[in-house]
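Student: Take a look at the following structure, please.
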Amino acid sequence: GENVEQHPSTLSVQEGDSAVIKCTYSDSASNYFPWYKQELGKRPQLIIDIRSNVGEKKDQRIAVTLNKTAKHFSLHITETQPEDSAVYFCAAMGGGSNYKLTFGKGTLLTVNP
Amino acid sequence: GAGVSQSPSNKVTEKGKDVELRCDPISGHTALYWYRQSLGQGLEFLIYFQGNSAPDKSGLPSDRFSAERTGGSVSTLTIQRTQQEDSAVYLCASSFGQVNTEAFFGQGTRLTVV
Chain S
1 GENVEQHPST LSVQEGDSAV IKCTYSDSAS NYFPWYKQEL GKRPQLIIDI
51 RSNVGEKKDQ RIAVTLNKTA KHFSLHITET QPEDSAVYFC AAMGGGSNYK
101 LTFGKGTLLT VNP
Chain A
1 GAGVSQSPSN KVTEKGKDVE LRCDPISGHT ALYWYRQSLG QGLEFLIYFQ
51 GNSAPDKSGL PSDRFSAERT GGSVSTLTIQ RTQQEDSAVY LCASSFGQVN
101 TEAFFGQGTR LTVV
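Chains as they are written, first to last, in the numbering used here: chain S, 1 to 113; chain A, 1 to 114.
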């Protein structure tokens with residue numbers, strides 16, 4: 001089955017700096033890669049996603065890149081703010097009729113004022 | 001409803017008792033997922049449904065865990081003879097069951113086994 005690895009497990013940055021979280025996946029058939037943000041005590045919520053036919057996608061301060069050949073994808077947050085502090089999860093969904101959504105173990109991002 | 005609804009929000013049970021956790025997905029969503037999240041940990045996959053069938057139940061930790069979904073809507077996760085290590089937040093998510101569609105999470109059920 002699919003295996004998603006996520007690094008780092010914790011990340012601390014100064015406000016205004018950039019943050020990068022990286023994930024790798026094992027199933028070459030996977031073709032959808034969402035990123036979720038989970039604030040303390042709350043449910044995970046989608047912040048950005050990317051399809052397998054796209055190499056990069058950007059939404060204001062957040063961007064995601066995908067390298068299908070290497071089977072890795074990354075989340076980039078620029079000009080970080082304290083409210084960006086949360087746990088971030090990457091995920092991969094299988095291809096074809098397989099809709100299983102497998103998550104990485106998460107990255108605790110702390111943005112220091 | 002407007003979102004994925006789970007009940008109960010909190011459940012405290014004695015070791016050895018059975019518990020049932022309920023998930024009401026967003027109307028029209030054919031895919032439904034169950035995950036377990038221990039304190040400070042990641043999202044551990046348990047099982048997912050496409051309609052009423054479960055193509056992948058590989059994440060169920062033991063035969064004490066089972067899940068069903070009827071009418072392509074509500075799902076119930078049952079844990080028999082609960083153990084202390086079952087204590088966690090159980091999260092349900094649903095989506096339209098097509099590739100490239102967002103999965104929405106419920107607020108979770110916090111299960112404490114004493």
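Glycine included, C-beta positions come from ideal geometry on N, C-alpha and C. Please read all numbers here as calculations on a predicted model, not as lab measurements.
For A/Ile26 and S/Pro82, what's the separation of their Cα atoms in angstroms?
Tutor: In the second sequence, residue 26 of chain A corresponds to position 26, counting from 1. In the first sequence, residue 82 of chain S corresponds to position 82, counting from 1. The straight-line gap from Cα to Cα measures roughly 32 Å.
Student: Would you list the residues sitting across from A/Val19 in a DSSP beta bridge?
Tutor: By one-based count along the second sequence, residue 19 of chain A stands at place 19. Paired residues: A/Ile79.
Student: Got a sec, what are the start and stop residues for the beta strand (DSSP E) S/Asn112 sits in?
Tutor: As a working note, residue 112 of chain S is residue 112 in the first sequence. Unbroken beta strand (DSSP E) run through S/Asn112: 107–112.
Student: Can you list the beta strand (DSSP E) stretches of 3 or more residues lying completely in the stretch 11–35 of chain S, in chain order?
Tutor: 19–25
Student: Indicate the three-state DSSP secondary structure (helix, strand or coil) for A/Gln84 in the structure shown.
Tutor: Numbered from its first residue, the second sequence carries residue 84 of chain A at position 84. A/Gln84 falls in the helix class under three-state DSSP.
Student: So A/Ile26 is in the beta strand (DSSP E); what residue range does that whole segment cover?
Tutor: Position 26 of the second sequence holds residue 26 of chain A. It is not in any beta strand (DSSP E) - A/Ile26 carries neither H nor E in the DSSP assignment.
Student: Taking only runs that begin and end inside the stretch 55–110 of chain S, name each unbroken alpha helix (DSSP H) of 4 or more residues, in chain order.
Tutor: Taking only runs of at least 4 residues, no alpha helix (DSSP H) segment lies wholly in the stretch 55–110 of chain S.
Student: Under 8 Å, with one C-beta from each stretch per pair, do the stretch 100–111 of chain S and the stretch 47–66 of chain A reach the 3-pair mark?
Tutor: yes
Student: Using 8 Å for Cβ pairs, my map puts S/Asp17 next to S/Thr80. What's the rounded Cβ distance?
Tutor: Walking along the first sequence from the start, residue 17 of chain S turns up at place 17. Walking along the first sequence from the start, residue 80 of chain S turns up at place 80. Contact holds; Cβ gap of about 6 Å.
Student: Going by the beta-carbon positions, is the gap between S/Tyr36 and S/Ile50 smaller than 9 Å?
Tutor: As a first step, residue 36 of chain S is located in the first sequence; it is residue number 36 there, counting from the start. As a first step, residue 50 of chain S is located in the first sequence; it is residue number 50 there, counting from the start. The answer is no: Cβ separation not under 9 Å.
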